[in-house]
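Under the working numbering, think of the first position of the sequence shown as 38, with each following residue one higher.
Encoded as structure tokens, the structure appears first; notes follow it.
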Amino acid sequence: QLGYAAFLGFKMPFIENRHNSLHADKGWPDGDRGEFFDWALHHIPDNEIILAAMPLSAELRRASSTESKAMRFAIHPQFEAHHLRERVQELYQFYQCTPPASFAKTMEKFQSRYLILEFKRCSFGPFLLDKYPEVNCKEKEVPWQELFCPRALASPLFELQWANAEFAVLRLRDSKEVARDAKDGHVADLKTWEPMLKRCQKEERLECAARAADLALAFRKMGQMQVSQSLMRWAEAHGDEDGAFQYIMGHHLDYDLQQSQRAGPYYKRAVELEPNNPVFVKEYLMWLELVAKDQRSLVQLLAPRRFGHGGSLQALSGLEDASLACEASVTAKELFQDLDWSRELWEYALENGPCNQCVDNNWPIHTSAQSMREDVGDWQLFLNIFWHQSMRSSLLSITGHGGRHGHRERRYKAWKRRFRSRALKN
């Protein structure tokens, strides 16, 4: 033990090169999960038996207990009992090529009307069912459309009530609701999604275009381009006044499609719609600097934000975003030649985001050292992490951007709209 302690002491404060992963802000792709939990807790009726994967059932069980919500689950998170393992095998048919009509009978057996699908599992998995080999299927042996997930989304037996980039909520229709001559649709057909999207426009109008765009990007990650294109076309047709959609579309063009020149008008429109959203302002600023190299537009973007104009346009420092302040500090120094403003922004970034990657990148511009580590040393980095706790977190979508969830004020406004809507219904 003494030898082990001596070895650790010799390696202090960091094992080689670990400071890069530790002394860093983090982005957490849990925004869609939180959005789904909020919807499920307020829209799924009390005492319904819900079918979902075991980890998700456990999370929902915990969330519902804190909200005093009466939710029941067919899968219990305690997995040790033999009969529960048997039940999991039966219910996990929704990960295979199970016909929707067959699984509808399984839901009826468990007296359940609600099924939650996770899009990260809407693909061929490595695990097969021992007890139900007839529904097992493997990639390259059958097309993706044969999986239960895409078939259920387009089946007349199920009503798609809500979806975002991570989850879909399906309600099993009563037999009286299903016409005798009803036929299965296709998941790539916009008609499959339109009833859910129309409901979204009625209940959450300001969220729909951006949420549909994120859903389109989720299917793109699955390789299902036809589904993605159908949803993205709908989002673009309804997203003219949605700042988050404009940002998502610009980000998609910029990073996913590598068509950066086309991204600028979308970033610009996002900033016009939400001028005090630091996520949008920073992305447009960086696009103007690195892609367009448009100094005139940079001046138009930043000059009014030197001091701000009341509540309509806040000063950059008032947006309380260390990453934006860091990026803008270089523009203030090199383009505006305003050393006081540059120093103000840089000091804000150092105080509120010393672990931000931008700070390390821009360190040579503001100091004589080549890097933060070279200037302050490993022990200062260690103190930033474990004593000052300087790391900051941001909330992202599962598709990898902060357009919908990255700005705290935007999340608060969305929550307030939902709260008011529920209060009016009650």
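The beta carbon of each residue, even a glycine, is placed where N, CA and C say it ideally should be.
message: Along the chain, where does the alpha helix (DSSP H) containing tryptophan 400 start, and where does it finish?
response: First-last of the alpha helix (DSSP H) with tryptophan 400: 394 to 403.
query: Is the beta carbon of leucine 420 less than 9 Å from the beta carbon of methionine 409?
result: In this structure, methionine 409 does not lie closer than 9 Å to leucine 420 by Cβ.
field: Own chain partners of aspartate 291 with C-beta closer than 6 Å, once the 5 adjacent residues on each side are dropped
entry: Within the same chain, and ignoring the five residues on either side of aspartate 291 in sequence, the residues whose Cβ sits closer than 6 Å to its Cβ are Ser297, Ala300.
message: Going by DSSP in three states, leucine 372 sits in which element: helix, strand or coil?
response: DSSP, reduced to helix, strand and coil, places leucine 372 outside both helices and strands of the structure shown, so it counts as coil.
Span separating the alpha-carbon of glutamine 238 from that of glutamate 231: Roughly 10 Å separates the two Cα atoms.
- prompt: With which residues is isoleucine 153 paired in a DSSP beta bridge?
  reply: By DSSP's assignment, isoleucine 153 forms a beta bridge with Val206.
task: Can you grab the Cα-Cα spacing for the pair serine 434 / leucine 39, in whole Å?
output: Cα to Cα, the separation comes out at about 46 Å.
task: Spell out the partners DSSP gives isoleucine 473 in its beta bridges.
output: Outside the shown range of the chain, which is 38 to 463, sits residue 473, and nothing can be said about it.
query: So tryptophan 199 is in the beta strand (DSSP E); what residue range does that whole segment cover?
result: From DSSP, the beta strand (DSSP E) with tryptophan 199 extends over 195 to 200.
task: Report buried or exposed for phenylalanine 317, applying the criterion of at least 16 other Cβ atoms within 10 angstroms of its Cβ.
output: Residue environment: phenylalanine 317 is assigned as buried (16 or more neighbouring CB atoms within 10 Å of its CB, all protein chains considered).
task: Could you please give me the residues that DSSP links to leucine 432 through a beta bridge?
output: Among the bridge pairs identified by DSSP, leucine 432 is matched with Trp65.
field: leucine 350 in three-state terms, based on DSSP
entry: Leucine 350 carries a strand assignment under DSSP once its states are collapsed to helix, strand and coil.
query: Beta-carbon separation of leucine 197 and leucine 207 under 9 Å?
result: Going by beta carbons, leucine 197 and leucine 207 fall inside the 9 Å limit.
- request: May I ask which residues mark the beginning and end of the alpha helix (DSSP H) holding glutamine 126?
  value: If you look at glutamine 126, you'll find it in the alpha helix (DSSP H) that goes 119 to 128.
- request: Would you identify the three-state DSSP class for valine 215, choosing helix, strand or coil?
  value: Three-state DSSP puts valine 215 in coil, outside helix and strand.
query: Three or more C-beta pairs closer than 8 Å, one from the segment 379 to 393 and one from the segment 348 to 359: is that the case here?
result: As far as the Cβ criterion goes, the segment 379 to 393 touches the segment 348 to 359, which means the pair count is three or higher.
task: Starting from cysteine 186, follow the alpha helix (DSSP H) in both directions and report where the run begins and ends.
output: Counting along the chain, the alpha helix (DSSP H) containing cysteine 186 begins and ends at 185 to 190.
field: Candidates Lys63, Val328, Arg242, Asp211, of which the one nearest serine 149 by Cα
entry: It is Asp211.
task: Kindly indicate which three-state DSSP category valine 172 falls into: helix, strand or coil?
output: Three-state result, valine 172: helix.
Close-in-space but distant-in-sequence residues of the same chain around aspartate 279 (CB under 6 Å, 5 per side omitted): Taking aspartate 279 as the centre and dropping the five residues before and after it, the same chain places the C-beta of Ala246, Ala247 closer than 6 Å to its C-beta, in chain order.
- prompt: Is the segment 41 to 49 touching the segment 366 to 379, taking contact as three or more C-beta pairs under 8 Å?
  reply: No, they do not touch.
message: I need the straight-line Cα distance from asparagine 54 to leucine 252, nearest angstrom please.
response: Those two C-alpha atoms are separated by around 37 Å.
- request: Just confirm the distance between the C-beta atoms of leucine 88 and alanine 111, as a whole number of angstroms; I'd bet it's less than 8 Å.
  value: Leucine 88 to alanine 111, Cβ: 5 Å. Contact.
query: Do you know how far the Cα of glutamate 241 is from the Cα of glycine 276?
result: Cα-Cα distance, rounded: 13 Å.
- request: For leucine 93, collect the residues of the same chain with a Cβ closer than 7 Å to its Cβ; drop the 5 residues on either side in sequence, then sort them by chain order.
  value: Here leucine 93 has Ile153, Glu155 as same chain residues with Cβ atoms under 7 Å from its own Cβ, once five neighbours each way along the sequence are excluded.
message: With distance defined between alpha-carbon atoms, name the residue in Lys453, Arg448, Gln426, Phe423 nearest to leucine 432.
response: With respect to the C-alpha of leucine 432, the residue from Lys453, Arg448, Gln426, Phe423 having the closest C-alpha is Arg448.
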